[in-house]
Structures are given as structure tokens and as C-alpha cells.
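In numbering that gives the first Met the number 0, the protein residues as written are 0 to 332. In this text, a Cβ means the ideal position worked out from N, Cα and C, and glycines have one as well. Nothing here was measured: the structure is a model prediction, and the numbers come from that model. Everything on this sheet refers to the single structure shown next.
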Amino acid sequence: METSAMAQDGPLVIAHRGASGDRPEHTLAAYELAIDQGADYVEPDLVVTKDLQLVARHENELSDTTDVASREEFEHLRREKMIDGQRVAGWFAEDFTLAELRTLRVRERVGNIRPANTGYNGLYQIPTFAEIVQLVRTKEAQTGRRIGLYPELKHPTFMLEAEGIDMVDLLLRELRNLGIEAGDPIFIQCFEVGTLRRLNQRSDFKLVQLIHPEGGPLDEPDMRYADMVSPAGLAEIATYADGIGPGLTYLLDPATMQPTSLVADAHAAGLKVHPWTLRKENGFLPAGLQGEGGVSDNGKYEMLWRAAIASGADGFFVDNVKELEALLEQTRP
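Okay, structure coming up:
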């Protein structure tokens with residue numbers, strides 16, 4: 000390959016669930032478009048089926064992103080579950096075989112903010128992780144450049160305790176079967192600490208601790224995410240992970256767009272910083288950056304994105320790949 004997604008000038012462009020500003024998220028179409036727009040990495044959120052297949056969905060509950068609620072043949076699979084302390088009702092990937100899941104069709108999750116994406120409702124199936132890897136390898140062969148993978152394990156503690164499914168074991172086995180090694184362009188991410196510690200003990204893959212603006216890791220009830228971004232917290236993360244994925248508000252003061260000390264503190268601890276998520280629509284932007292029009296109209300996103308780039312972060316999760324690529328091109332010397 001000519002170039003590597005791991006060695007480049009400027010921050011990594013991580014396609015958040017694919018080019019999800021332009022196609023329904025977590026579809027092969029979204030991942031392929033993101034690659035065509037120049038993404039360095041594609042990011043699949045991984046859930047698991049009843050027959051232990053890893054597939055890409057934002058959540059294990061399926062009604063927000065598929066047509067399952069309209070499918071009478073699956074009404075008997077409707078459930079209520081306690082997931083990470085929240086009661087959730089609906090249909091869950093782990094109650095479906097892959098063959099059953101294949102009969103569903105994907106729909107846009109936030110149709111009020113991205114009405115154009117609703118035009119693709121019903122066209123796509125839920126992809127397996129293996130299919131995403133196959134797509135990436137095909138696009139690498141076509142383009143001559145490396146394209147990284149950035150999978151997230153969703154609710155692994157719930158899956159282990161409530162369903163008896165070990166997602167760490169499943170992912171490591173899948174990576175081994177697919178011939179993906181620690182030296183390849185891949186990061187594995189999770190909000191849970193114990194999951195990352197297990198991955199660190201069992202593999203040499205690059206790991207990223209996700210940091211939510213609120214609360215703390217489900218599997219560490221005495222920990223708060225806000226404390227994990229302190230110098231002492233970052234030093235502890237560095238004992239088991241290679242980077243952090245913080246919400247943008249940890250990186251910038253949303254009122255002034257001034258950077259915090261997080262990037263410098265994380266770099267001092269030897270950690271990469273990949274914040275989330277750069278988006279352009281009013282419905283996703285802080286009140287001070289919203290423009291005229293409704294939630295689906297573009298706001299003053301470039302102001303936020305430029306400040307984020309100036310913070311010195313090592314990469315960004317982004318829904319709008321081509322817009323970020325264009326902005327990065329403007330900011331390169």
C-alpha cells in the first residue's frame with residue numbers, strides 16, 4: 000500500500016458510523032461513501048446476534064434504526080430489559096439470529112435532522128463486522144491506501160452478565176479469523192474500563208477509553224468520567240489504553256471556543272486524543288453556534304471545527320467527512 004492511515008500529517012478523520020451525515024449510519028453504503036470522501040478510519044459500533052455474530056448497530060435495541068416495529072413476524076421478540084441502569088423496551092439484536100436480522104431493513108435514526116437520508120430507508124441490510132472488513136480491503140485494493148477500523152464494543156458488561164455473551168472473546172476471535180493484527184490500523188474503543196483492561200491483558204491492539212460528558216463507567220460505579228480527564232486519571236488510563244475518546248466539551252469551552260488543557264495533559268501521559276463528534280446541523284450544535292432555520296439546517300459549525308482542529312487533537316470522529324476534509328485542506332500550511 001502507498002500510504003498508511005497510521006502515519007500522516009494532520010489529525011485522523013474517523014468516519015463516525017460511516018458518512019452518517021449523508022447515508023443512514025452503520026450501513027455498507029455509509030462506510031463506502033466515507034472512504035470515498037477520504038476518511039482515514041471507519042467506525043462500526045458492534046452488537047451481537049443470538050448466534051454470536053458481530054454486527055454494526057448504534058444500539059442493541061433495533062427499533063430506532065430498522066423497520067422491526069412494523070414486522071409482525073417479530074412481534075413475539077419484543078422485550079423489556081435493564082441496560083446500563085435504564086429500562087429499555089423494544090427488539091434487541093441478541094434475540095435475533097443473523098438470518099432473522101438479515102430480513103430487516105435499515106432506516107435513518109434522526110430523520111428530523113437528516114430528512115434527505117430518509118430517502119434511503121428500506122434499501123440496506125445490517126452489515127456484519129466481517130462484511131465491513133471485506134469492504135475496507137476492497138477499497139484499499141482500489142485506492143492503494145490503508146483504511147483503518149475503529150470498532151466500539153457496545154454494552155459488553157450487560158451482554159456478559161444478562162446474556163452470558165463475552166464480546167471481548169468474540170471480537171478477539173473475529174479479528175484473528177479475519178487476519179487482523181495489532182500492527183494494522185485499528186483502534187478498539189469502549190466506555191467501560193474493565194473491558195479495555197481485559198483487552199489489554201489478552202492482546203496488543205491499540206485501545207481507546209471513551210469518556211462521556213456525564214456519569215461514569217458502568218463497570219466502575221465509584222468512578223466519574225470528569226475525574227478521568229485529570230492528570231492523575233489520565234495516567235491511570237495510560238496503564239491499559241493508548242488513547243482517549245472524550246466528548247467535545249472536554250476539549251473546548253463551548254461558550255468561548257477556547258481549548259482546555261486536556262490535549263496537553265493527555266499527550267503528557269502518552270495518550271492520543273480522538274474527540275467526538277463533529278457535526279454540522281443546528282440540531283447537534285450548541286445554542287450559540289446554531290444558525291437560522293430549523294434543526295436540519297447547517298449552523299456555524301466551521302467555527303467549532305476550526306477551534307477543535309486548533310486544539311491539537313490527534314483525530315476526530317465526524318459525521319460529515321467531506322466537509323472536514325475540505326476544512327483540513329484549508330488549514331494545512
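| Check | Outcome |
| --- | --- |
| Chain-order list of residues whose beta-carbon lies under 8 Å from that of R77 (same chain, five-residue window excluded) | A88, G89 and W90 |
| Length-filtered (3 minimum) beta strand (DSSP E) runs lying within the region 13-60 | 40-42, 44-47 and 53-55 |
| Extent of the continuous beta strand (DSSP E) to which K205 belongs | K205 to I210 |
| Sequence-distant residues of the same chain with beta carbon closer than 6 Å to R278, five excluded per side | D318 |
| 9 Å Cβ cutoff met for H25 and K153 | no |
| Nearest to K299 (by Cα), restricted to the options S310, D313, A312 and G282 | G282 |
| Neighbour-count burial assignment, P230, 16 or more Cβ in a 10 Å radius | exposed |
| Strand pairing of G244, partner residues [DSSP] | L209 |
| 8 Å contact criterion, which I187 and L198 should meet: CB distance rounded | 6 Å |
| L261 to R172 span [Cα, whole Å] | 34 Å |
| Inter-stretch contact at 8 Å, needing at least 3 Cβ pairs: the region 286-295 / the region 264-277 | no |
| Anticipated Cβ contact below 8 Å, V41 with I179, distance rounded | With a Cβ gap of about 14 Å, V41 and I179 do not count as contacting. |
| Buried or exposed by the 16-neighbour rule on C-beta atoms within 10 Å, applied to E322 | buried |
| Between the CA atoms of G37 and G242 - distance to the nearest angstrom | 23 Å |
| One or two residues paired with P258 in a DSSP bridge | L251 |
| Among A225, E139 and E107, the one whose alpha carbon lies nearest that of N120 | E107 |
| Residues bridged to Q85 (per DSSP) | I82 |
| Alpha carbon of A312 to alpha carbon of L326, nearest angstrom | 15 Å |
| Local conformation of T137 per DSSP, three classes | helix |
| Cβ-Cβ distance between P43 and Y149 below 9 Å | yes |
| R223 versus Y239 - alpha carbon distance | 17 Å |
| Straight-line gap, P245 to P274 (C-alpha atoms, nearest Å) | 5 Å |
| Coil, strand or helix - T102 by DSSP | coil |
| For Q289, the three-state DSSP class (helix, strand or coil) | coil |
| N111 versus I125 - alpha carbon distance | 22 Å |
| F315: first and last residue of the uninterrupted beta strand (DSSP E) it sits in | G314 to V317 |
| Reference A181; option with closest CA among K205, E191, S69 and D165 | K205 |
| Residue from L103, E235 and D83 with nearest C-alpha to A68 | L103 |
| Proximity of A18 and V320 at Cβ, strictly below 9 Å | yes |
| Three-state secondary structure (DSSP) of G90 | A quick correction: the sequence has Trp, not Gly, at residue 90. Here W90 sits in coil by DSSP. |
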